[in-house]
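Trainee: Numbering-wise, full-length UniProt numbering puts 17 at position 17 of the sequence shown, and it's gapless, one number per residue.
Cβ atoms here follow ideal geometry from the backbone N, Cα and C, with glycine treated the same way.
Please read all numbers here as calculations on a predicted model, not as lab measurements.
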Amino acid sequence: MPGYVEDRWYTKRPDPKTGEKRKTARYGQGKRYRVAGIPGVRDRSFTKLTGPDGATAWMAKAQHESSKGEFIDPRSGNITLTEYVESTWWPAQIADPVTLETIKGRVWTHILPHLGAERLRDIKVPLLRIWLKTLDRSISPGTAFAVWGYLSNILACAVDDERIARNPCRAKTIKAPVPPTRPARAWSRERVLAVKSALHPRYQILVDIGVGAGLRQGEAFALDVDQDIDFTGELIHVRRQVKRVAGKLVFAPPKRDKERSIPMPLHLAKRIKDHQERFPPAAVTLPWKDARPPTTKKEEQERAPRTHRLLVTTIGGEAVRAWSFNQHYWKKALAAAGVIPAPPAREKGSRANVAYGPTREFGFHSLRHTYASVQLHARESVVSVANWLGHENGAITLKVYAHFLPEADGRGRRAMDAWFEGDAAASSEWISPDSPQAPRVAPAQPSADAEGEAREGSAEVPPGSATDGGPTA
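(1) Helix, strand or coil for S140? Go by DSSP, reduced to three states.
(2) Tell me whether the beta-carbon of L311 lies closer than 8 Å to the beta-carbon of L223.
(3) So if DSSP puts F251 in a beta bridge, which residue, or which two residues, is it bridged to?
(4) With three or more C-beta pairs closer than 8 Å as the rule, is the stretch 366–381 touching the stretch 175–193?
(5) Cβ of A283 within 8 Å of Cβ of R309?
(6) On the three-pair Cβ rule with 8 Å, is the stretch 275–292 touching the stretch 95–102?
(7) Whose CA, out of T50, P265 and I139, lies closest to the CA of V178?
(8) Whole angstroms are fine: how far does the CA of I262 sit from the CA of L193?
(9) Quick check on the DSSP output: the beta strand (DSSP E) that includes V374 runs from which residue to which?
(10) Kindly provide the ranges of any beta strand (DSSP E) runs that are 3 or more residues long and lie completely inside the stretch 187–238, ordered along the chain.
(11) Should the stretch 147–154 be regarded as contacting the stretch 96–116, the criterion being three or more beta carbon pairs within less than 8 Å?
(12) Report, in whole angstroms, the separation of the C-beta atoms of A342 and A333, which I expect to be a contact under 8 Å.
(13) Ignore the nearest five residues each way along the sequence and tell me which others in P406's own chain have a CB closer than 6 Å to its CB.
(14) Would you kindly report the start and end of the unbroken beta strand (DSSP E) that includes Y10?
(15) What is the rounded straight-line gap between the Cα of S197 and the Cα of I340?
(16) So what does DSSP say about L310, is it helix, strand or coil?
(17) Taking the alpha helix (DSSP H) that A269 falls in, what are its first and last residues?
(18) Using 10 angstroms around the beta-carbon of A408, count the other beta-carbons present and answer buried if the total reaches 16, otherwise exposed.
(19) Assuming G28 and T80 are in contact, meaning their beta carbons sit under 8 Å apart, how far apart are those beta carbons, in whole angstroms?
(20) When you compare the CB positions of G77 and I164, do they come within less than 8 Å of one another, or not?
(21) Assuming Q241 contacts E219 (C-beta within less than 8 Å), just tell me the rounded distance between them.
(22) Quick one: give me the first and last residue of the beta strand (DSSP E) that Y33 is part of.
(23) Which residue wins for smallest C-alpha separation from P104, given the options R119, E86 and E118?
(24) Check this for me: beta carbons of K133 and P168, under 8 Å apart or not?
(25) Note down, in chain order, each residue of its chain lying with its Cβ closer than 6 Å to the Cβ of T47, except the 5 sequence neighbours on either side.
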């Protein structure tokens with residue numbers, strides 16, 4: 001196997017006169033032994049020849065790992081986590097600007113201040129356990145779960161870049177953060193109407209759109225009356241959203257770039273028409289995707305401003321800002337409807353924002369949950385509901401909204417009660433032909449022309465429907 005150990009203090013051949021090894025010009029300087037000649041492995045120097053940390057032991061290990069294509073030079077992991085993130089990992093990240101802002105904020109706030117000075121090779125499970133305990137005391141479980149995912153991705157990239165041999169985040173003995181489980185909750189019709197009536201009339205249509213079509217808040221803000229609302233086809237087309245990038249509003253594709261068309265109920269169509277008569281649409285021009293100054297010709301073309309006649313705008317005819325709407329209109333309506341407690345009274349002359357209580361679980365998304373609940377209880381297929389909600393697939397819809405699936409109006413419970421009571425007729429709408437309770441009917445004698453078909457035979461499948469399963473919301 002290729003590879004050898006060189007003694008750099010003595011020549012390879014002895015003195016022909018004395019028979020003793022001759023000293024080299026490097027004698028007594030630096031480390032004496034050098035391992036070299038292993039394909040794909042950089043030379044490495046050692047003080048000792050033998051022993052667990054000697055040159056021969058390391059050469060044997062390097063030869064073995066190199067032959068399997070698994071050799072990672074430990075020196076490659078000497079770079080600190082901060083250096084690796086800034087020079088290699090971060091420049092390679094590709095996502096929409098808002099997502100990149102979120103990632104950068106969390107990595108630079110929760111990872112690098114604690115682990116950034118550590119060399120990649122020194123980030124081991126014991127160190128991660130201590131760091132996780134720090135996270136648990138300082139941030140929410142949801143944020144901790146996301147931050148853990150970012151670190152795991154960074155170290156996985158370091159493995160692929162052959163900086164370290166394995167990702168310590170995947171160790172079996174480490175307990176990773178668990179994302180919080182908050183079941184999606186639909187609102188009652190009474191609550192929806194109460195919140196709507198408490199909203200400023202200009203924004204009441206947003207409640208109808210959220211409940212009647214399941215749009216996300218930014219998507220509802222971006223509806224173009226000329227392009228997206230099809231009264232003839234009774235459809236609402238979701239093609240964009242309004243979002244904030246670098247402090248400025250932009251038009252951007254829907255989440256995951258998933259455009260979709262949603263059936264528009266007749267009542268919703270009428271309310272949209274009424275809203276347009278009372279609050280005429282306004283043309284709004286915003287950059288596309290990113291409001292930051294372009295640095296290339298391609299970015300200049302991609303970010304070129306676009307104009308849309310929006311169904312919902314501010315009093316000044318501008319696009320609605322989510323934060324402003326939530327703080328000044330939505331939370332106020334929640335409090336007026338009794339969904340959240342009323343805020344404490346402000347001191348006279350105070351210009352501070354009204355301090356409402358926690359409203360996370362009562363956001364605009366609750367209307368979307370309500371839409372999903374109504375559709376699933378109406379026995380729409382999960383595939384259809386997933387498409388209307390803009391989910392990547394039905395599995396996501398099931399993960400978020402499985403508890404909304406109807407119980408077949410209690411038929412499952414009634415069937416089990418009947419089974420326990422011995423009432424076979426009521427325990428199922430259809431009895432399997434293989435069941436002992438199945439009626440026995442003498443088969444008709446086939447004609448000569450149909451003899452072959454009759455021989456094959458087929459059990460008739462009873463009529464019925466299978467629920468196709470059923471949110472991110």
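Mentor: According to the structure data:
(1) Note: S140 maps to coil in three-state DSSP.
(2) A Cβ-Cβ contact shorter than 8 Å links L311 with L223.
(3) Paired residue(s): V242 and W288.
(4) Enough Cβ pairs lie closer than 8 Å, so yes.
(5) Cβ distance < 8 Å, so A283 and R309 count as in contact.
(6) Because the criterion of three Cβ pairs below 8 Å is met, the stretch 275–292 and the stretch 95–102 touch.
(7) Comparing Cα-Cα distances from V178 to each of T50, P265 and I139, the minimum goes to I139.
(8) Going from the Cα of L193 to the Cα of I262 covers about 22 Å.
(9) The continuous stretches of beta strand (DSSP E) do not include V374, which lies in the alpha helix (DSSP H) extending over residues H365 to H377.
(10) Correct list: 235–238.
(11) The stretch 147–154 vs the stretch 96–116: in contact.
(12) Wrong, their Cβ atoms sit about 12 Å apart, outside the cutoff.
(13) Excluding residues within five positions, the ones whose Cβ falls inside 6 Å are H377.
(14) Where Y10 is concerned, the enclosing beta strand (DSSP E) stretches over Y10 to P14.
(15) Approximately 16 Å, taken between the alpha carbons.
(16) In this structure, L310 counts as strand in the three-state DSSP scheme.
(17) Taken as a continuous stretch (DSSP letters only), the alpha helix (DSSP H) holding A269 covers L266 to R278.
(18) At A408 the pLDDT is 49, less than 50, meaning the model places this residue with poor confidence; the figure from the coordinates comes in the next sentence. Counting C-beta atoms within 10 angstroms of its own C-beta, A408 has fewer than 16 neighbours from the protein chains shown and is therefore classed as exposed.
(19) Going by Cβ atoms, the distance from G28 to T80 rounds to 33 Å, so no, they are not a contact pair.
(20) Their beta carbons are under 8 Å apart, which means G77 touches I164 by this criterion.
(21) For Q241 against E219, the beta-carbon gap comes to about 5 Å, under 8 Å, which counts as contact.
(22) Y33 to A36 is the extent of the beta strand (DSSP E) around Y33.
(23) According to the sequence displayed, residue 104 carries Lys and not Pro. With distances taken between Cα atoms, K104 lies closest to E86.
(24) The Cβ-Cβ distance between K133 and P168 does not fall below 8 Å.
(25) The residues are K31.
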